[in-house]
Every structure is written in structure tokens, then in C-alpha cells.
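Taken in order, these protein sequences are the chains called A and B.
The first sequence stops at residue 415 when you use my numbering, and every number in between is there.
The second sequence stops at residue 415 when you use my numbering, and every number in between is there.
Here is the structure we will look at, set down as C-alpha cells.
Protein chains: 2
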Amino acid sequence: MKDHSLLSRRTILRRSTAIPAASIALGGSAFAQSSSSPPGIPESMKIPGGPFVNPPYGVPSAFEKDVVRVLPSAPNPFPTGSRSPLQSLYGIITPNGLFFERHHAGVPTINPDQHRLMVHGLVERPLVLDMEDIVRFPSVSKIHFLECSGNSSSQYVGPSGKTAQEIHGLLSCGEWTGVKLSTILAEVGVKPKAKWILAEGADAAAMTRSIPMDLAMSEGILVYAQNGEKLRPEQGYPLRLLLPGVEGNMNIKWLRRLKVGEKPFYTREETSKYTDILPDGSSYEFTFAMDVKSVILSPSGGQKIRTGYHEITGVAWTGHGRIKGVDVSTDGGRTWRQAVLQEPVLSKALTRFRLPWQWDGAPTIIQSRAIDEAGRIQPTRKKLVERRGPNYVYHYNAIQSWKVSDSGEVSNVHA
Amino acid sequence: MKDHSLLSRRTILRRSTAIPAASIALGGSAFAQSSSSPPGIPESMKIPGGPFVNPPYGVPSAFEKDVVRVLPSAPNPFPTGSRSPLQSLYGIITPNGLFFERHHAGVPTINPDQHRLMVHGLVERPLVLDMEDIVRFPSVSKIHFLECSGNSSSQYVGPSGKTAQEIHGLLSCGEWTGVKLSTILAEVGVKPKAKWILAEGADAAAMTRSIPMDLAMSEGILVYAQNGEKLRPEQGYPLRLLLPGVEGNMNIKWLRRLKVGEKPFYTREETSKYTDILPDGSSYEFTFAMDVKSVILSPSGGQKIRTGYHEITGVAWTGHGRIKGVDVSTDGGRTWRQAVLQEPVLSKALTRFRLPWQWDGAPTIIQSRAIDEAGRIQPTRKKLVERRGPNYVYHYNAIQSWKVSDSGEVSNVHA
Numbered sequence: 001m002k003d004h005s006l007l008s009r010r011t012i013l014r015r016s017t018a019i020p021a022a023s024i025a026l027g028g029s030a031f032a033q034s035s036s037s038p039p040g041i042p043e044s045m046k047i048p049g050g051p052f053v054n055p056p057y058g059v060p061s062a063f064e065k066d067v068v069r070v071l072p073s074a075p076n077p078f079p080t081g082s083r084s085p086l087q088s089l090y091g092i093i094t095p096n097g098l099f100f101e102r103h104h105a106g107v108p109t110i111n112p113d114q115h116r117l118m119v120h121g122l123v124e125r126p127l128v129l130d131m132e133d134i135v136r137f138p139s140v141s142k143i144h145f146l147e148c149s150g151n152s153s154s155q156y157v158g159p160s161g162k163t164a165q166e167i168h169g170l171l172s173c174g175e176w177t178g179v180k181l182s183t184i185l186a187e188v189g190v191k192p193k194a195k196w197i198l199a200e201g202a203d204a205a206a207m208t209r210s211i212p213m214d215l216a217m218s219e220g221i222l223v224y225a226q227n228g229e230k231l232r233p234e235q236g237y238p239l240r241l242l243l244p245g246v247e248g249n250m251n252i253k254w255l256r257r258l259k260v261g262e263k264p265f266y267t268r269e270e271t272s273k274y275t276d277i278l279p280d281g282s283s284y285e286f287t288f289a290m291d292v293k294s295v296i297l298s299p300s301g302g303q304k305i306r307t308g309y310h311e312i313t314g315v316a317w318t319g320h321g322r323i324k325g326v327d328v329s330t331d332g333g334r335t336w337r338q339a340v341l342q343e344p345v346l347s348k349a350l351t352r353f354r355l356p357w358q359w360d361g362a363p364t365i366i367q368s369r370a371i372d373e374a375g376r377i378q379p380t381r382k383k384l385v386e387r388r389g390p391n392y393v394y395h396y397n398a399i400q401s402w403k404v405s406d407s408g409e410v411s412n413v414h415a
Numbered sequence: 001m002k003d004h005s006l007l008s009r010r011t012i013l014r015r016s017t018a019i020p021a022a023s024i025a026l027g028g029s030a031f032a033q034s035s036s037s038p039p040g041i042p043e044s045m046k047i048p049g050g051p052f053v054n055p056p057y058g059v060p061s062a063f064e065k066d067v068v069r070v071l072p073s074a075p076n077p078f079p080t081g082s083r084s085p086l087q088s089l090y091g092i093i094t095p096n097g098l099f100f101e102r103h104h105a106g107v108p109t110i111n112p113d114q115h116r117l118m119v120h121g122l123v124e125r126p127l128v129l130d131m132e133d134i135v136r137f138p139s140v141s142k143i144h145f146l147e148c149s150g151n152s153s154s155q156y157v158g159p160s161g162k163t164a165q166e167i168h169g170l171l172s173c174g175e176w177t178g179v180k181l182s183t184i185l186a187e188v189g190v191k192p193k194a195k196w197i198l199a200e201g202a203d204a205a206a207m208t209r210s211i212p213m214d215l216a217m218s219e220g221i222l223v224y225a226q227n228g229e230k231l232r233p234e235q236g237y238p239l240r241l242l243l244p245g246v247e248g249n250m251n252i253k254w255l256r257r258l259k260v261g262e263k264p265f266y267t268r269e270e271t272s273k274y275t276d277i278l279p280d281g282s283s284y285e286f287t288f289a290m291d292v293k294s295v296i297l298s299p300s301g302g303q304k305i306r307t308g309y310h311e312i313t314g315v316a317w318t319g320h321g322r323i324k325g326v327d328v329s330t331d332g333g334r335t336w337r338q339a340v341l342q343e344p345v346l347s348k349a350l351t352r353f354r355l356p357w358q359w360d361g362a363p364t365i366i367q368s369r370a371i372d373e374a375g376r377i378q379p380t381r382k383k384l385v386e387r388r389g390p391n392y393v394y395h396y397n398a399i400q401s402w403k404v405s406d407s408g409e410v411s412n413v414h415a
């Protein structure tokens, strides 16, 4: 084995002997190719491929049938969402077919020709807009993550969930296209005393949240397209609100109404739910931004690794701007090395990180710790739980620890 | 109509009267909402939505059923590709289900467990790698466009094709993840006199192209994932070559072999095809990079617009780095205005541009003209055809002219 070789030569040789004799063989003359009768021509080269044109709207390979969204691992008679297979994803874009879902009364079917957005309340010129009106306004396209504020919440209690998907899969990232909320608000003319906006969805839950005017004006987008195509039904087709970096449920789907007011509207979803209960029983209200967080996706829970070279890779994100750095430990937090961040590092988007690692076969714990440009740093689970007490449900962002056993099995632990 | 209002108030009022009386109405007290009995509650709010969890792998809304890939408009008994619906796409990412296809012997079905990549020829240590080996190497993720070198070629002859999809749809853009070709070449140890690499696909066409070593080493990627998930079958599952900015057919799909040599291999696809025939009958060989180009997608051919405000938007791209600027003319090329480029502007990726426009209802011609950081500028069709003569088939990159008739109908013309 040459020093500069990343994979063990022995490994490659051992593995390549598993190739059937009739197929390609490694080394020497058997390796030479002849265009008339080359050794090891695969079946795919002997007959024309499948239909010349695939389905007008394509689908993944049948060999990837297990890469799908799943329900939460905890039993639930009324499942209200599904999780992205993070450990089987690459880069930072989540394909729409695997984008996590969370809804409060199922997925409504809305005919875009009949959909309307009302903008009213403390405005000079209340408006009703149809989708054709909305898409005529100036648009923007931005890559941003979306995370349910309850993502990873099972970790407050114990190491529950096996895979990154089960534990952290209420997280995805896409390229969103829509009209800046500030553009629409300029159109209706917001009155001076207006400070909050109620956003309402056209689902049977009439999902509603109150949004501070500053937040709405600075980054809010009325989104009609995701990853190049129109929104998917479970993502709010034909129109949703996007508040980059802000907890998922505020990004109201199937958006039908914006009411401008002076004060928060204290809706069900921001009083009985989505508050953060402190040790003394009182609650934080309106904790909007998702905090700095990261998770190693390879190797991660449920996988089995061999000794030798690995690229440790995962994603980091923060609701407070850009990720500044990700440190990785392969010895349970004693020492840390800085991972490489894949460019472009975008504000409030997933950031892919990578670090080379040689695993020597000894049991260990691997961890990642993200730092953002606001100076926030991901805490250990111990510190987070100490600070927040036993009643917290949302906004879990502690360091994820993956144990690698001597047999190479990776599992979810609390280090 | 207020001066700062983007859409005509008259238009909005006229359109909103089309809302059924039982639904929401514009203005005055009818606009006030009551949570007990608000006017115009849509059906979607009265009953729970569809299945709580959508298919494990999601699909677009049924209302978007016409947004699909299509065959080329020219009759062809053996269709070998399909085109992206550019005029229905947003931002810069093309979803995998709508990514253009081009193949030479259909789409092979390849079991990734059985797939092998041979790297041999002028190398110190020839290797056979399986997919498990390949994904263990250090990876990168990059957003790049891919364009068939024959894209838009019908425009050399006459204004053929109606929509942006029909004319320019052999173009898409995705986030690609894979191993740098330079990493694999370091692993095998390229011999000093090696200057070219043969790349071969495992399809029944045994699609092969020769790649200069410099190009391979600088930017080549062995791609296994696209837009977050594993490659789709029609995109080369489980492994393809990506040469950012280089004509589509060189980005060999279903990649099974890399042979390192001293000279180009002069394969069928680079001798009988994919050369550029000059007026005197001789040919340019190895014209790799796709040139600077742009197209307005809204408004574009086949659409019908109304008078008033429009956001002109489209995409620009170049195989020579970043797009530096896009000028837009709304008067047939007499005057030009600079469009806004959507950040991030990435090298060898689609770049979305936007420009506000008030259409006064008079017939006109709209055009876009891209400039890249290498100083290249998109030519008029007249200049391009003059320079290249009548035999050219590939690398068409002239300015696209869309005529807007007095009735608002948009059509493909040669200005």
C-alpha cells in the first residue's frame, strides 16, 4: 500500500476478487481491453436500454426504493409528518420527493385557479390576489433550510431513535422562489402603528401564527416554487410563507390570509403549542430562530463501517446567518479538528462539511460541533438539558454523539 | 392607481370580481374576517386534508400535470432524449424529474452492487473500483449546468420550435456530488506521458469520448448523486462523469472505464459526430466548452401576456466561468438595460436574471444578451450564422428573440 493511497490496497484487492470470473479482473493482461471482445462486458452493453424516453416526470432508480421519507419512530395513531432520509442525502439540496413534511390537518387539495390571498387589517389598500397576480410581482430565489422546531426533541429524554432520519429528519433544504413579503406589504401600504402580521393557512387546521413586522419585512417570502418547480402539495401548494431560519410551523403553508395588526394574535399554535416551558413552569413565547446545529450523516446511526479511510461528512445550519465553522471529534470530545465547509456557504442554508478520518478499529465516539457567524456554538447535550430543564420540547440543538463499536456498528448515544 | 403600485389597481379589481360571491370579496366591510363565520372559507378548510402522510417518495400536484419533459418537436422515429420545461421552471435548480435526457442506446438498468469502474492504461496501479469504494473517497458538491451541444440547433436554419422547452430544453442545472477525477487519478498514479483519458459508458452505445488530461484534472467529477439523491437512471445511475461547462455528451453516463493514454482516441462520437463543420467542409474537433448564452423564459414563446407590469426573467450560463452580466432589450435590440442577477452567481451554473418591464400593448421584440467573466458576449443570430456558415450543427448560442404581438402572444422569431 502506497502512503498516498486513500483506500487500502488490500481492501481493494480483496473486494475485487469478489467480481465474477466472467467479469472484469484486476491487473496484468486480463485488464487490457479490446473493442472486439473485451473481457467483462456488462449485460447493459449487450442490449439496448429501457424505453428511449423515461416517464415525462422521472422517478428514482428501483435500486433506491428504500430511500424514502418515514414516519417518526415513536408510535402515533395520527401521524402528522414524515422525515427526510438525511443519511442517504448528499450536498445541501433535498429533492422535493424526500422533503420532510409536517401538517396539522392533512394535506389539502387546492386548485391554484381558485386560490386567493387576502391582505388586510392595518393597511391602506386591502387586497385580494390570485396566483396569477402573485407570480407577476418581482420574485427572488434563495436556498434556505427548513426545520421543524420539534426536530430532534426525543433527545431531551434519552438516546431515542436509531438513524439520522429518525432523530433529525424534520429538516430539509431547498431553493425557494417567490415574492418578497415586503413587496406585497408595500403594495397594500402598511399603516404606521402596525407591528405584527397574522398568517393563516387554507388547511382544515386553519394554521395561524403571528409574525413581527420586522421579521416579515426583512426576509419573508411568499413562495410558489421549490427546487425549480411549483411547490408540492405537502409543502403548501400553491402558496406558502417562508421565513428563513425560523421554526418550521411559522412558515405557513397553503397561505390564504395576511392580517396586519398592532399586537400578536395569540393563536392556538403559539400559546398551547410552540412555546418553551421553563423549569418554573412559565414559558418563553415567540422563540423564532432555529439555533446553530449540526449532525454527522456518514458514518451515522444504523450504518456499519470498516476499518481504514472514511470521509466524515454531515450538515450544519443556523437561523442566525452563515455557518462559520464545524469542529469534528473522533475521540468522544477530547480533541477537535476543523472540517472543510463546502462552498458556497449560504446564509440560513444547510452547509455540508467534510473531514478525512482513518478508523483504526477501536471503539470510539464521533461528534460535530457547529459555530455560526453570530458567535453561537452548539452545546453538549448535558449543558443544554441543565440549562433548559425537564419541560422543554422544542429547539433541541445539542451535539449529536455517534458511537462506533469495535465491530464498526454506529449507534445513537448520549456522550 | 398609485404610482408605487406594481400591478394595475384596475386589473386587480377587474380580476377580483371574478371571485364567486360566496367567496372572499375585495374592500370595505365584506373584507373583515370573523373566526366564527368568516366569508369565503374555502372547502379545503372545512374537511381534513388528504392522507396524513404523502407517498414515501412524493410527487407534484395533479394541477401541474402538464409540466413535464417532452420529445423534440421535430418528428423522430427513434427519440433519444427529452427536454426540460424551462418556461415552467424557477430559480436555477432543475428538479431531477424534469432534468433533460439525451442517450444513444436507451437507458440501461444497472445494479449498483454489480457496477465497476476500471481505471487503466498509462497508470502505475490500474484499479477496479466498486460503488462502495468510490463513495468512500473524499467528495465534493457543486452546482453546475449541463447542456447538450446540439441544444437550440434548429435555430441555425429558421425559427423552428415554439416554446423555450422545444427550442432550448436540452439544458438543466443541478447540484452534483461525487469524487474529483483528480483524486482517483492520484490513486492510480498517472504516468508522465499521459495526456488524454478515454471515458466509456456501460450502455449499449458504449458511449465514449476522449478528455484532455488538463480538463480531467482541473474540474472533472465522478458523480454519484444529483440534487441530494442518487443519480437517476437516465442521468447515468450509478456513476457518471461530470465535466463542468463542457458539452453534454462528454459527461459520460453509466461510467465503467477510464483509460489513460497519450493521444485522443478518436471515437465515433468525436469523429462522425460532435465536430463542427466549417464552410470549407473541414471540421473543428474537440470543441468542448459551451459558450456564453441566455434565454428569456418569461415572457417566452407560447405564452400570452397582458398589458402592464411584468418581470422579465430567464437564465444565463457559460462554460467559461461566471456570468458577468445580462442585458435585456424590449425594443428589438435598439436599447438595452442591465438585468439583476440573482445571487449566488456560481461558476458554470445557470444564473437567473430579472428585469422589471411595463408593457404598453404595442408589438415589440424582447431579447437577452449574456456576457461572461471571460469577456465573451452572446452574438446576434445573424453574426453567428455569418461566421459559422451553413454546416454547423452544434454550439448554437445566439441571442433569442421573442416577438410580442399586439394581442400579447409571444412567439419565436429571428430578429
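Think of the CB as a built atom: it goes at the ideal place given N, C-alpha and C, for glycine as much as any other residue.
Remember, predicted model here, so these are calculated numbers, not experimental data.
Determine the burial state of residue 219 (chain A): buried for a count of at least 16 other Cβ atoms within 10 Å of its Cβ, exposed for fewer.
-> The residue you call residue 219 (chain A) lines up with position 219 of the first sequence. It is buried - the Cβ of residue 219 (chain A) has at least 16 other Cβ atoms within 10 Å.
Does the separation of the CB atoms of residue 104 (chain A) and residue 207 (chain A) fall below 8 Å?
-> Against the first sequence, residue 104 (chain A) aligns to sequence position 104. Against the first sequence, residue 207 (chain A) aligns to sequence position 207. Yes, the Cβ-Cβ distance between residue 104 (chain A) and residue 207 (chain A) is below 8 Å.
For my contact list, residue 345 (chain A) and residue 323 (chain A) are in at a C-beta cut-off of 8 Å; report their separation, rounded to the angstrom.
-> The count along the first sequence starts at 1 and reaches residue 345 (chain A) at position 345. The count along the first sequence starts at 1 and reaches residue 323 (chain A) at position 323. Yes, residue 345 (chain A) and residue 323 (chain A) are in contact; Cβ-Cβ is about 6 Å, under 8 Å.
Compare the Cα-Cα distances from residue 110 (chain A) to each of A:361, A:211, A:312, A:232 and report the closest residue.
-> Taking the first residue of the first sequence as 1, we reach residue 110 (chain A) at position 110. Minimum Cα distance to residue 110 (chain A) is reached at A:232.
Could you pull the start and end residues of the beta strand (DSSP E) that residue 118 (chain A) belongs to?
-> Translated into positions along the first sequence, residue 118 (chain A) becomes position 118. That run of the beta strand (DSSP E) goes 116-121.
Does the count of Cβ pairs from the segment 382-397 of chain B and the segment 132-146 of chain B closer than 8 Å reach three?
-> no
Could you give the distance in angstroms between the alpha-carbon of residue 400 (chain A) and the alpha-carbon of residue 243 (chain A)?
-> What you label residue 400 (chain A) is simply residue 400 of the first sequence in a count that begins at 1. What you label residue 243 (chain A) is simply residue 243 of the first sequence in a count that begins at 1. C-alpha separation (whole angstroms): 26 Å.
List the residues of chain A that residue 50 (chain B) touches, going by C-beta distances under 7 Å, in chain order.
-> Counting from 1 along the second sequence, the entry for residue 50 (chain B) is found at position 50. The answer, in chain order, is 106, 107, 109.
Quick one: is residue 414 (chain B) near chain A, going by C-beta distance under 8 Å?
-> Indexing the second sequence from 1 puts residue 414 (chain B) at position 414. Taking Cβ atoms only, chain A never reaches closer than 8 Å to residue 414 (chain B), which makes this a no.
Reduced DSSP category for residue 104 (chain A) - H, G, I as helix; E, B as strand; rest coil | On the first sequence, residue 104 (chain A) is found 104 positions in, with the first residue counted as 1. Coil, per DSSP.
Nearest neighbour of residue 192 (chain A), chosen from A:130, A:261, A:45 [CA to CA] | The sequence position of residue 192 (chain A) within the first sequence is 192, counting from 1. It is A:261.
Taking only the alpha-carbon atoms, compute the straight-line gap between residue 402 (chain B) and residue 91 (chain B) and give it to the nearest angstrom.
-> Indexing the second sequence from 1 puts residue 402 (chain B) at position 402. Indexing the second sequence from 1 puts residue 91 (chain B) at position 91. Rounded to the nearest angstrom, the two C-alpha atoms are 21 Å apart.
Can you give me, in chain order, the residues of the segment 83-102 of chain B that have a beta carbon less than 8 Å from any beta carbon in chain A?
-> 88, 89, 90, 91, 92, 93, 94, 95, 96, 97, 98, 99, 101
Residue 241 (chain A) burial status per 10 Å Cβ neighbour count (16 or more: buried) | As a first step, residue 241 (chain A) must be located in the first sequence, where it is residue number 241. Per the 10 Å Cβ criterion, buried.
Residue span of the beta strand (DSSP E) that contains residue 371 (chain B), given as start and end = For the purposes of this step, residue 371 (chain B) is identified with residue 371 of the second sequence, where counting begins at 1. From DSSP, the beta strand (DSSP E) with residue 371 (chain B) extends over 364-372.
Quick one: any contact between the segment 355-374 of chain B and the segment 154-169 of chain B, if contact means 3 or more CB pairs under 8 Å?
-> no
Could you check which residue in A:222, A:245, A:246, A:172 has the C-alpha nearest to that of residue 239 (chain A)?
-> Locating residue 239 (chain A) in the first sequence gives position 239, where the first residue counts as 1. Per the Cα distances, A:222.
Check whether the segment 314-334 of chain A touches the segment 294-303 of chain A, counting contact only when three or more Cβ pairs, one atom from each stretch, lie closer than 8 Å.
-> yes
Min CB distance residue 155 (chain A) to chain B below 8 Å | Here residue 155 (chain A) refers to the residue found at position 155 of the first sequence. For residue 155 (chain A), the answer is no, since every Cβ of chain B falls outside 8 Å of its Cβ.
Between A:302, A:189, A:289, which lies nearest to residue 211 (chain A) when the distance is taken from Cα to Cα?
-> Within the first sequence, residue 211 (chain A) is the residue found at index 211, counting from 1. Checked all of A:302, A:189, A:289; the closest Cα to residue 211 (chain A) is A:289.
Using a C-beta to C-beta distance shorter than 7 Å, which residues of chain B count as neighbours of residue 177 (chain A)?
-> Start at 1 with the first residue of the first sequence, and residue 177 (chain A) comes out as number 177. Those within 7 Å of residue 177 (chain A) in chain B are 90, 91.
If you follow the alpha helix (DSSP H) that residue 165 (chain A) is part of, which residue opens it and which one closes it?
-> Along the first sequence, read from residue 1 onward, the residue named residue 165 (chain A) stands at position 165. Where residue 165 (chain A) is concerned, the enclosing alpha helix (DSSP H) stretches over 164-168.
Counting Cβ pairs closer than 8 Å, one from the segment 265-273 of chain A and one from the segment 81-101 of chain B, do we hit at least three?
-> no
Beta-carbon contacts of residue 128 (chain A) that lie in its chain and below 6 Å, excluding the five residues immediately before and after = Residue 128 (chain A) sits at position 128 when you count from the first residue of the first sequence. Correct list, in chain order: 116, 118.
Residue range of the beta strand (DSSP E) that includes residue 225 (chain B) | Numbered from 1 along the second sequence, position 225 holds the residue referred to as residue 225 (chain B). Its beta strand (DSSP E) spans residues 221-226.
For residue 55 (chain A), which option in B:394, B:246, B:107, B:47 has the closest C-alpha, if you only look at C-alpha atoms?
-> For the purposes of this step, residue 55 (chain A) is taken as residue 55 along the first sequence, with counting starting at 1. Considering only alpha carbons, the answer is B:107.
Is the CB-CB distance between residue 217 (chain A) and residue 182 (chain A) below 8 Å?
-> Sequence index remark: in the first sequence, residue 217 (chain A) carries index 217 (1-based). Sequence index remark: in the first sequence, residue 182 (chain A) carries index 182 (1-based). For residue 217 (chain A) and residue 182 (chain A), yes; Cβs fall inside 8 Å.
Compute the Euclidean distance between the alpha carbons of residue 354 (chain A) and residue 327 (chain A), then round it to the nearest angstrom.
-> As a first step, residue 354 (chain A) must be located in the first sequence, where it is residue number 354. As a first step, residue 327 (chain A) must be located in the first sequence, where it is residue number 327. Their Cα atoms are separated by approximately 10 Å.
Is it right to say residue 235 (chain B) is buried, meaning 16 or more other beta carbons lie within 10 angstroms of its own, or is it exposed?
-> Translated into positions along the second sequence, residue 235 (chain B) becomes position 235. With 16 or more Cβ atoms within 10 Å of its Cβ, residue 235 (chain B) is classed as buried.
Which residues share a DSSP beta bridge with residue 377 (chain B)?
-> Here residue 377 (chain B) refers to the residue found at position 377 when the second sequence is read from its first residue. According to DSSP, which records beta bridges pairwise, residue 377 (chain B) is partnered with B:371.
Tell me whether residue 36 (chain A) sits in a helix, a strand or coil according to DSSP, three-state version.
-> Translated into positions along the first sequence, residue 36 (chain A) becomes position 36. With a pLDDT of only 33 at residue 36 (chain A), under 50, the local geometry of the prediction cannot be trusted, and the value read off the model is given with reservation. It is coil, neither helix nor strand.
Find out if the Cβ-Cβ distance for the pair residue 148 (chain B), residue 102 (chain B) is shorter than 8 Å.
-> What you label residue 148 (chain B) is simply residue 148 of the second sequence in a count that begins at 1. What you label residue 102 (chain B) is simply residue 102 of the second sequence in a count that begins at 1. Cβ atoms of residue 148 (chain B) and residue 102 (chain B): closer than 8 Å.
Should residue 286 (chain B) and residue 112 (chain A) be called a contact, given that it needs their Cβ atoms to be closer than 8 Å?
-> Here residue 286 (chain B) refers to the residue found at position 286 of the second sequence. Here residue 112 (chain A) refers to the residue found at position 112 of the first sequence. Contact flag unset, no.
Mind checking if residue 416 (chain B) is an interface residue toward chain A, Cβ cutoff 8 Å exclusive?
-> Outside the shown range of chain B, which is 1 to 415, sits residue 416 (chain B), and nothing can be said about it.
For residue 485 (chain B), write down the residues that DSSP places opposite it in a beta bridge.
-> No statement about residue 485 (chain B) is possible, as the shown extent of chain B runs from 1 to 415 and does not include it.
Go through the segment 161-219 of chain B residue by residue and report every complete run of the alpha helix (DSSP H) that reaches 4 residues or more, in order.
-> 164-168, 181-188, 213-219
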